[in-house]
Amino acid sequence: MAMQLLPAGSVLALSSIVGFTAAAIEDSDIRPQYHYGARIPITCLDRSIETGEHIQEGDKLKYVPFATCEET
């Protein structure tokens, strides 16, 4: 059985599509997926009310949930 070769342009186009699809799949694994109406968690750095300095846990900054507002 003889093997048929694809024209060079077809191979280039196919490899570009495969590479683009692989890159898109990798990007979608990194970014969270949101939909309309979904809650989006918002955090901010915890600060001391007396000094305004950031509060740390060990050697990492501490994040706390942002204030909840039903108007926005």
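Residue numbers (the working numbering): 34 to 105.
The beta carbon of each residue, even a glycine, is placed where N, CA and C say it ideally should be.
Contact check, residue i vs residue j, beta carbons under 7 angstroms
i   : j   : result
G98 : T76 : The question names Gly, but residue 98 in the sequence shown is Pro. Yes, they are a contact pair.
H27 : L78 : In the structure displayed, the chain extends from 34 to 105; residue 27 sits before or after that span and is not available.
Residues bridged to residue i (per DSSP)
i   : result
P98 : T76
E90 : K93
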